[in-house]
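Student: As you go down the protein sequences, you meet chains A and B in turn. Counting in the working numbering, the first sequence runs from 1 upward without gaps. Counting in the working numbering, the second sequence runs from 96 upward without gaps. Before I ask anything, let me first share the structure, which is written out below as structure tokens.
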Amino acid sequence: MLFYSFFKSLVGKDVVVELKNDLSICGALHSVDQYLNIKLTDISVTDPEKYPHMLSVKNCFIRGSVVRYVQLPADEVDTQLLQDAARKEAMQQKQ
Amino acid sequence: MFRFQSLDEDCTLEEEDTGLVEEEDEIDQFNDDTFGAGAIDDDWQEEHKRLAGLDKRDGPGAELGLEVGGMGGESDLGRGEDSSSTHLLSSAGHLPLPSILPSLKFASSSSGLAPPDMEDRGRGGDLAESLARLILEADPAIAGVGAAERPSPSRSSLSTLQGLDRPRVLPQPPSIPHATQPHQHSHHPQHQLPPGPSASSLPPGPPSSSLLSYQQQQHLMRRGTAPMAQMNSHSIWESSMGFGPVSLTPGLVTHMEDSPLMSIIKEVGLPKRPPQGRIDEGRDLSERVPPPRSSSPVIGSPPVRAVPIGTPPKQPMSHALNHQIHHPTAVHVRAPVQHRFPPPFPERVSPNTLLNIANSPLCRGPFPPGVGPVLSQIQRAQLLNSQVAGFPRGGPGPPLLPGCGGGFRPFFGGPPPPLGHRMGPPPHGHLNHTPPIRHNTTHLHPQHRRMLTQRMQNQGGDRCRTIGDRRSRDPYSNLMTQKEKEWVTKIQMMQLQSTDPYLDDYYYQNYYEKMEKRQERERDSSKKEHTTKLITPQVAKVEHTYRPVQFAGSLGKLTVSSVNNPRKMIDAVVTTRTDDEEKREKQVWNKRRQILYTVEKMYSLLLEVQDFEKRFVQAPEEDREALLEQQKTNTMQLCNSLREKEWDDRVSDEKCVMIMSVRKGKRLISRLLPLLPSPQAAAVVMAISRNIPAIAKKDKQDQVLCWLMEPVSAVIQSMSSSALTDLLQELQGSEGQLVTVLHNKFGVTLLYLILSEGERMQSSDPNCQLMDDNRWTELVFSVTRELLSVPSSSLSPPLFTPTNLLSLFSRYVDRQRLELLQDKLQITSLSR
Numbered sequence: 001m002l003f004y005s006f007f008k009s010l011v012g013k014d015v016v017v018e019l020k021n022d023l024s025i026c027g028a029l030h031s032v033d034q035y036l037n038i039k040l041t042d043i044s045v046t047d048p049e050k051y052p053h054m055l056s057v058k059n060c061f062i063r064g065s066v067v068r069y070v071q072l073p074a075d076e077v078d079t080q081l082l083q084d085a086a087r088k089e090a091m092q093q094k095q
Numbered sequence: 096m097f098r099f100q101s102l103d104e105d106c107t108l109e110e111e112d113t114g115l116v117e118e119e120d121e122i123d124q125f126n127d128d129t130f131g132a133g134a135i136d137d138d139w140q141e142e143h144k145r146l147a148g149l150d151k152r153d154g155p156g157a158e159l160g161l162e163v164g165g166m167g168g169e170s171d172l173g174r175g176e177d178s179s180s181t182h183l184l185s186s187a188g189h190l191p192l193p194s195i196l197p198s199l200k201f202a203s204s205s206s207g208l209a210p211p212d213m214e215d216r217g218r219g220g221d222l223a224e225s226l227a228r229l230i231l232e233a234d235p236a237i238a239g240v241g242a243a244e245r246p247s248p249s250r251s252s253l254s255t256l257q258g259l260d261r262p263r264v265l266p267q268p269p270s271i272p273h274a275t276q277p278h279q280h281s282h283h284p285q286h287q288l289p290p291g292p293s294a295s296s297l298p299p300g301p302p303s304s305s306l307l308s309y310q311q312q313q314h315l316m317r318r319g320t321a322p323m324a325q326m327n328s329h330s331i332w333e334s335s336m337g338f339g340p341v342s343l344t345p346g347l348v349t350h351m352e353d354s355p356l357m358s359i360i361k362e363v364g365l366p367k368r369p370p371q372g373r374i375d376e377g378r379d380l381s382e383r384v385p386p387p388r389s390s391s392p393v394i395g396s397p398p399v400r401a402v403p404i405g406t407p408p409k410q411p412m413s414h415a416l417n418h419q420i421h422h423p424t425a426v427h428v429r430a431p432v433q434h435r436f437p438p439p440f441p442e443r444v445s446p447n448t449l450l451n452i453a454n455s456p457l458c459r460g461p462f463p464p465g466v467g468p469v470l471s472q473i474q475r476a477q478l479l480n481s482q483v484a485g486f487p488r489g490g491p492g493p494p495l496l497p498g499c500g501g502g503f504r505p506f507f508g509g510p511p512p513p514l515g516h517r518m519g520p521p522p523h524g525h526l527n528h529t530p531p532i533r534h535n536t537t538h539l540h541p542q543h544r545r546m547l548t549q550r551m552q553n554q555g556g557d558r559c560r561t562i563g564d565r566r567s568r569d570p571y572s573n574l575m576t577q578k579e580k581e582w583v584t585k586i587q588m589m590q591l592q593s594t595d596p597y598l599d600d601y602y603y604q605n606y607y608e609k610m611e612k613r614q615e616r617e618r619d620s621s622k623k624e625h626t627t628k629l630i631t632p633q634v635a636k637v638e639h640t641y642r643p644v645q646f647a648g649s650l651g652k653l654t655v656s657s658v659n660n661p662r663k664m665i666d667a668v669v670t671t672r673t674d675d676e677e678k679r680e681k682q683v684w685n686k687r688r689q690i691l692y693t694v695e696k697m698y699s700l701l702l703e704v705q706d707f708e709k710r711f712v713q714a715p716e717e718d719r720e721a722l723l724e725q726q727k728t729n730t731m732q733l734c735n736s737l738r739e740k741e742w743d744d745r746v747s748d749e750k751c752v753m754i755m756s757v758r759k760g761k762r763l764i765s766r767l768l769p770l771l772p773s774p775q776a777a778a779v780v781m782a783i784s785r786n787i788p789a790i791a792k793k794d795k796q797d798q799v800l801c802w803l804m805e806p807v808s809a810v811i812q813s814m815s816s817s818a819l820t821d822l823l824q825e826l827q828g829s830e831g832q833l834v835t836v837l838h839n840k841f842g843v844t845l846l847y848l849i850l851s852e853g854e855r856m857q858s859s860d861p862n863c864q865l866m867d868d869n870r871w872t873e874l875v876f877s878v879t880r881e882l883l884s885v886p887s888s889s890l891s892p893p894l895f896t897p898t899n900l901l902s903l904f905s906r907y908v909d910r911q912r913l914e915l916l917q918d919k920l921q922i923t924s925l926s927r
């Protein structure tokens with residue numbers, strides 16, 4: 001649940017999602033679920049000429065398994081807290 | 096394939112229950128109810144035996160007598176509950192009936208063979224007649240087929256048949272193998288009964304027996320046979336349960352109709368029975384059924400639901416319509432309100448239960464008036480054809496669910512796009528309403544929600560128009576009813592039910608708490624908003640341990656798995672290596688890994704200590720003592736880890752340096768310092784200052800020493816004057832150390848801090864001990880000397896310059912030097 005919690009805190013922020021098919025989508029993170037499926041609103045493709053079919057798309061739903069990267073705003077992330085959360089998760093798993 | 100008692104064998108009463116064991120190879124494909132609702136594991140062998148065994152008795156009266164005796168309805172046999180018995184018998188099962196007929200006829204024709212108890216009843220040839228009449232009257236299907244062939248049985252014998260047939264009631268699919276037996280039987284005595292009904296004269300339509308779902312039948316069977324006097328005189332068409340002491344609630348009747356099993360039967364009809372060959376007659380009496388269970392039959396399966404968890408909701412189109420039109424709600428994000436949740440449910444809730452909860456948000460339709468109704472298929476197709484694809488952003492979606500318990504933290508930030516907006520006539524009136532509303536089933540932190548609404552409001556204005564256009568052309572609306580959407584949502588939310596939201600959602604909750612604190616600090620205290628807390632619903636932790644079923648006296652355990660208790664395949668035992676082994680292994684690793692390992696261990700302790708307060712507040716009274724104890728132990732351990740050896744009181748330099756050489760370690764120390772007792776903390780700071788050159792060197796790459804500034808300054812401010820002097824001395828250390836210190840940002844800042852603190856002490860407290868010995872003065876002198884001699888370029892700028900440095904220096908140095916210092920260090924009188 002760690003990354004679900006993490007992405008929840010980023011809801012509303014602008015992110016760039018790079019998919020495994022090399023498509024990069026920039027948009028505002030609308031929601032996320034436990035599979036890390038992502039919904040973006042107001043999207044724009046970084047290279048519109050290459051993907052003209054995306055011109056008219058405003059919102060999209062991305063299945064979590066096709067995501068390669070998610071580029072986040074650095075100031076919205078608390079790395080220390082993330083590390084702590086990871087430690088807690090590890091402790092929980094051990095028990 | 097089936098074995099029966101031979102006609103010639105003497106069947107005793109005791110064996111009647113244990114006699115027949117099935118060599119049933121066919122797997123019951125139709126009963127694969129993996130969602131648990133039907134996964135009542137009962138001993139099918141036993142059941143089958145009871146149900147089918149009665150038919151197989153070819154011994155005429157003997158069988159009947161046995162059956163009757165077994166049923167225990169002896170006293171009732173004589174009663175002529177005609178109407179009820181008629182109905183009951185017909186409801187009991189059409190399939191076995193034809194086969195009973197022959198055996199009954201046996202009874203009638205060979206009454207001489209009847210055992211004494213049969214004679215007592217004085218059945219004679221009446222049984223067959225009454226049976227046939229019953230069949231004729233009750234079931235038109237059978238009546239139509241073999242009407243002429245059956246003699247009319249007498250009424251009184253019907254009651255016996257009821258007793259016979261009641262336990263044999265089975266739904267079609269599971270009973271097919273069983274049911275085929277009676278038919279085979281029917282072949283058996285065929286030669287003796289020319290007019291007997293053929294095996295194929297089965298009612299193709301849904302017999303009322305099959306109306307009962309499997310589990311209901313099981314209920315009946317488990318209860319065993321009840322005295323017939325308790326039979327109710329319901330007509331079969333009203334209630335198929337009419338024939339027994341009602342342990343089945345009337346509610347089940349309605350559920351029956353929902354049962355997918357039944358619907359399947361209704362649609363498909365009964366599957367055809369393969370014609371069976373002649374059955375073997377020999378019955379192996381040595382094969383016995385296992386004794387009744389020694390443990391509870393329902394293992395880890397959820398309580399029986401007539402509607403299994405996986406069923407989608409029904410389609411009450413008219414209801415949906417009414418819902419939407421008559422119960423409009425404008426659901427919008429309000430100012431954050433502290434939600435009050437009902438106490439957690441004792442167990443996880445299924446989607447259907449969640450839907451049925453009395454809380455209103457789900458019952459109401461979410462859409463404002465004017466939104467179109469759910470369209471029929473044709474309408475949808477038309478819409479799709481005529482419209483352009485596209486969906487609005489953040490249209491009204493599933494309403495908030497504050498009232499629903501069973502902690503779910505759903506993920507849907509809003510409805511999935513196709514849900515967006517239900518369209519009938521395009522609601523132009525909506526163009527000028529509020530900006531796209533974010534309807535959530537997520538429990539957002541109030542702070543988060545505030546941010547989101549602000550954001551949306553900022554962006555909402557320009558988007559209104561475009562969204563209105565988009566809305567008018569949404570082709571994907573009305574594809575799902577509201578109930579369906581909610582059902583899907585609930586299923587997903589079930590997976591998010593959490594027994595410990597603090598742990599599961601650690602990052603999110605803490606992040607927003609920190610943000611709030613930060614904002615409070617930044618804002619002036621005049622605008623005081625009290626910190627809003629996120630309250631997450633919680634599901635109580637229920638331990639479901641799998642206990643494999645075991646029969647008394649049998650070897651091994653039976654594994655019956657359902658979706659809720661999957662089979663335990665492996666006995667996995669967690670073996671943690673002892674510390675000795677760990678130490679040995681550690682020696683093999685390289686140093687850095689060792690350090691990291693130590694740091695991580697300390698971190699886990701640290702996190703526990705930091706969480707202490709939160710847990711303390713939440714813990715009940717009796718646990719608090721234990722918590723306190725644990726807190727002390729943890730702190731102790733942390734301190735010990737900094738020491739060289741356990742019994743040594745001093746903080747180990749080596750260890751500190753080791754830890755500080757790693758970036759993680761520096762962070763750790765910075766978080767640890769506030770938690771340590773002050774002598775320890777002071778010792779740590781001293782160790783740091785003693786070893787600044789080494790530490791600084793290691794930090795060249797990371798440049799993160801400055802993290803330590805804040806906790807260190809806190810420590811310094813709490814130090815005594817002598818300690819402070821010592822510290823300054825340590826900092827200066829051996830020859831040339833100060834130079835290195837001055838080269839390093841952290842060092843410079845530390846130095847300034849120390850000096851500033853000394854100054855503060857002197858100025859605030861006249862009889863401060865700082866001046867008691869000359870050490871302080873001397874140290875300051877040397878510092879100033881160094882400061883002046885060091886070239887400006889190599890002097891690194893500090894993180895911050897304390898304001899009272901000037902006054903400090905003015906005490907000790909003459910004017911000229913003071914000015915020089917001022918220039919060099921760029922401390923001006925303004926910075927006071």
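We put the beta carbon where it would ideally sit given N, CA and C, even for glycine.
Return the CA-CA distance between residue 607 (chain B) and residue 78 (chain A), expressed in angstroms with no decimal places.
Tutor: Taking the straight line from one Cα to the other gives about 11 Å.
Student: Can you pull the DSSP bridge partners for residue 670 (chain B)?
Tutor: Answer is none; residue 670 (chain B) lacks a bridge partner.
Student: Measuring CA to CA, which of A:88, A:81, A:10 and A:89 is closest to residue 609 (chain B)?
Tutor: Here the closest residue by C-alpha is A:81.
Student: Flag this pair as touching only if the stretch 806-818 of chain B and the stretch 769-783 of chain B have three or more C-beta atom pairs under 8 Å; answer yes or no.
Tutor: Yes, the stretch 806-818 of chain B touches the stretch 769-783 of chain B.
Student: From the beta carbon of residue 796 (chain B), is the nearest beta carbon of chain A less than 9 Å away?
Tutor: No, its Cβ sits nowhere closer than 9 Å to a Cβ of chain A.
Student: So, do the stretch 728-736 of chain B and the stretch 687-700 of chain B have three or more beta carbon pairs nearer to each other than 8 Å?
Tutor: Because the criterion of three Cβ pairs below 8 Å is met, the stretch 728-736 of chain B and the stretch 687-700 of chain B touch.
Student: Taking all protein chains shown into account, do 16 or more other C-beta atoms lie within 10 angstroms of the C-beta of residue 713 (chain B), making it buried, or fewer, making it exposed?
Tutor: Looking at its Cβ environment, which holds fewer than 16 other Cβ atoms inside 10 Å, residue 713 (chain B) is exposed.
Student: Tell me residue 598 (chain B)'s beta-bridge partners as DSSP assigns them.
Tutor: None, per the DSSP bridge assignment.
Student: Have a look at A:39, A:23, A:67 and A:47 and flag the residue whose alpha-carbon is nearest the alpha-carbon of residue 60 (chain A).
Tutor: The shortest Cα separation from residue 60 (chain A) among A:39, A:23, A:67 and A:47 belongs to A:39.
Student: Along the beta strand (DSSP E) that carries residue 61 (chain A), what are the first and last residues, could you check?
Tutor: Its beta strand (DSSP E) spans residues 60-62.
Student: Answer with yes or no whether the minimum CB distance from residue 74 (chain A) to chain B is below 9 Å.
Tutor: With 9 Å as the cut-off, residue 74 (chain A) does not count as an interface residue toward chain B.
Student: For my contact list, residue 919 (chain B) and residue 887 (chain B) are in at a C-beta cut-off of 8 Å; report their separation, rounded to the angstrom.
Tutor: Confirmed, about 6 Å.
Student: Flag this pair as yes or no: are the beta carbons of residue 4 (chain A) and residue 33 (chain A) separated by less than 9 Å?
Tutor: For residue 4 (chain A) and residue 33 (chain A), yes; Cβs fall inside 9 Å.
Student: Pick helix, strand or coil for residue 27 (chain A), following the three-state DSSP scheme.
Tutor: The answer is strand: DSSP assigns residue 27 (chain A) an E or B state.
Student: Do you know offhand how far residue 585 (chain B)'s Cα is from residue 577 (chain B)'s?
Tutor: If I take the Cα positions, the gap works out to 12 Å.
Student: Which bits of chain B does residue 91 (chain A) rub up against, with CB to CB less than 8 Å?
Tutor: 699 and 702, listed in chain order.
Student: Which partner residues does residue 45 (chain A) have in the DSSP bridge list?
Tutor: Answer is A:25.
Student: Between which two residues does the beta strand (DSSP E) containing residue 913 (chain B) stretch?
Tutor: Unbroken run through residue 913 (chain B) is the alpha helix (DSSP H), 910-920; no beta strand (DSSP E).
Student: Comparing alpha-carbon positions, which option in B:688, B:727 and B:687 lies nearest residue 929 (chain B)?
Tutor: Only positions 96 to 927 of chain B appear in this structure, which leaves residue 929 (chain B) out of reach.
Student: Can you pull the chain A neighbours of residue 587 (chain B), defined as C-beta to C-beta under 8 Å?
Tutor: Those are 33 and 34, listed as they occur along chain A.
Student: Check residue 591 (chain B) in the structure and name its three-state DSSP category.
Tutor: Correct three-state label for residue 591 (chain B): coil.
Student: Answer yes or no: does any C-beta atom of chain A fall closer than 9 Å to that of residue 762 (chain B)?
Tutor: Closer than 9 Å: yes.
Student: For chain A, find out if any of its Cβ atoms is closer than 9 Å to the Cβ of residue 600 (chain B); answer yes or no.
Tutor: Yes, residue 600 (chain B) counts as interfacial toward chain A.
Student: Go through its chain and collect everything with a Cβ distance to residue 703 (chain B)'s Cβ below 6 Å, but skip five positions before and after it.
Tutor: The residues are 729.
Student: Is there a C-beta anywhere in chain B that falls below 9 Å from the one on residue 80 (chain A)?
Tutor: It does; some Cβ of chain B falls within 9 Å.
Student: If you run the structure through DSSP and keep just helix, strand and coil, what is residue 18 (chain A)?
Tutor: Strand, per DSSP.
Student: I'd like the span of the beta strand (DSSP E) that includes residue 843 (chain B), first residue to last.
Tutor: That residue, residue 843 (chain B), is in no beta strand (DSSP E); its alpha helix (DSSP H) goes 840-859.
Student: Between the alpha carbons of residue 848 (chain B) and residue 766 (chain B), how many angstroms are there, rounded?
Tutor: Answer to the nearest angstrom: the Cα atoms are 19 Å apart.
Student: So, for residue 840 (chain B): in the same chain, excluding its five sequence neighbours on each side, which residues have a beta-carbon less than 8 Å away from its beta-carbon?
Tutor: Excluding residues within five positions, the ones whose Cβ falls inside 8 Å are 800, 801, 891, 892, 893 and 894.
Student: Which of helix, strand or coil does DSSP assign to residue 69 (chain A)?
Tutor: Residue 69 (chain A) falls in the strand class under three-state DSSP.
Student: Who are the near neighbours of residue 2 (chain A) in its chain, counting only those whose CB is closer than 6 Å to its CB and skipping five residues on each side?
Tutor: The answer, listed in chain order, is 85 and 89.
Student: Which residues, in order along the stretch 823-846 of chain B, keep a beta-carbon less than 8 Å from a beta-carbon of chain A?
Tutor: Within the stretch 823-846 of chain B, no residue qualifies.
Student: Out of B:749, B:851, B:834 and B:911, point me to the one whose CA is closest to residue 898 (chain B)'s CA.
Tutor: Comparing Cα positions, the closest option is B:851.
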